[in-house]
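Residue numbers (the working numbering): 4 to 282. Accompanying notes for the structure given below.
Have a look at this one:
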């Protein structure tokens, strides 16, 4: 029988709010919340386990909730909320009327399998702002990179702000986290060249050959890459700046670098032989 919750004091409502607001709660429950039809659908497609679904029939009828879960093999607890309760827990300003509790996945490097023999990987060191992380994940999805590695993470990847700003690309990318030392060791073990976006000892990004197994590494806008990265990169690269400022948003910079790598690879696959590193 389907449950119905109308009290703001209900323990389930308090649990939902804790999962949205507290990284500690998400870690303890090994779960997080996902709001919105597209985002929940991407989580399901990405192999995440949907444990519970909450909806308000005024915005999202029960039939739609059941259809959303039609591809889920296991049982999912479905609960209707009064409009007052749903408004309390809705995280987004414009909501669709449905929220799910989803089981977290392990994001360890040990569980990451690189299937492509010639991978393109995005690495972000110590990203903190959820908006930047979400934008990086959207860029990675658009370019279909083989993995996104977060070194020295400062923010819980299942933070609802990251899920929202990435429009669900948390679930479409292969993501792993680890310390800088662990990520460097992983990349070297897989014989992947390390191209660090940095000012020191750098060359213009378009003069580098990204057609081999490559990792593009970006740091924070405030401090850039750590010394450990700078000591281990294959080559540092720079985006020449022709205006008055000397830096740009990290997600914009990552997009330029990743799509240059994609351009080179498409050119190679189209039959153009790269004669020198300036193509």
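Backbone N, C-alpha and C fix where the C-beta goes; we use that ideal spot for every residue, glycine too.
Short Cβ contact (8 Å threshold) for residue 139 with residue 123: The count along the chain shown starts at 1 and reaches residue 139 at position 136. The count along the chain shown starts at 1 and reaches residue 123 at position 120. For residue 139 and residue 123, no; Cβs fall outside 8 Å.
Residue span of the beta strand (DSSP E) that contains residue 104, given as start and end: The residue you call residue 104 lines up with position 101 of the chain shown. That run of the beta strand (DSSP E) goes 101-106.
Top-ranked residue by Cα proximity to residue 228, from 154, 82, 245: Reading the chain shown from its first residue, position 225 is the one you call residue 228. Measuring from the Cα of residue 228, the nearest candidate turns out to be 154.
First and last residue of the uninterrupted beta strand (DSSP E) at residue 54: Stepping through the chain shown from its first residue, residue 54 is reached at position 51. Note, residue 54: beta strand (DSSP E), 53-58.
Cβ contact (3+ pairs, closer than 8 Å) linking the region 73-90 and the region 44-63: Touching, yes.
Residue 116 - DSSP class collapsed to helix/strand/coil: In the chain shown, counting from the first residue as 1, residue 116 sits at position 113. Coil at residue 116, not helix or strand.
Residues sharing a beta bridge with residue 36, DSSP: As a first step, residue 36 is located in the chain shown; it is residue number 33 there, counting from the start. Residue 36 pairs with 104.
Proximity to residue 91 [Cα-Cα], best of 166, 65, 149, 8: Taking the chain shown and counting its residues from 1, one reaches residue 91 at position 88. Comparing Cα-Cα distances from residue 91 to each of 166, 65, 149, 8, the minimum goes to 8.
Proximal residues to residue 280 (C-beta, below 8 Å), its chain only, five neighbours per side dropped: Residue 280 sits at position 277 when you count from the first residue of the chain shown. Since pLDDT at residue 280 reaches only 42, below the 50 mark, its modelled position is unreliable, and the value read off the structure follows with that caveat. Contacts found: 210, 211, 212.
Among 146, 170, 21, nearest to residue 267 - alpha-carbon criterion: As a working note, residue 267 is residue 264 in the chain shown. Minimum Cα distance to residue 267 is reached at 146.
Cβ neighbours of residue 28 in the same chain (closer than 6 Å, five flanking residues each side left out): Residue numbering aside, residue 28 sits at position 25 when the chain shown is read from its first letter. Taken in chain order, the residues that qualify are 21, 22.
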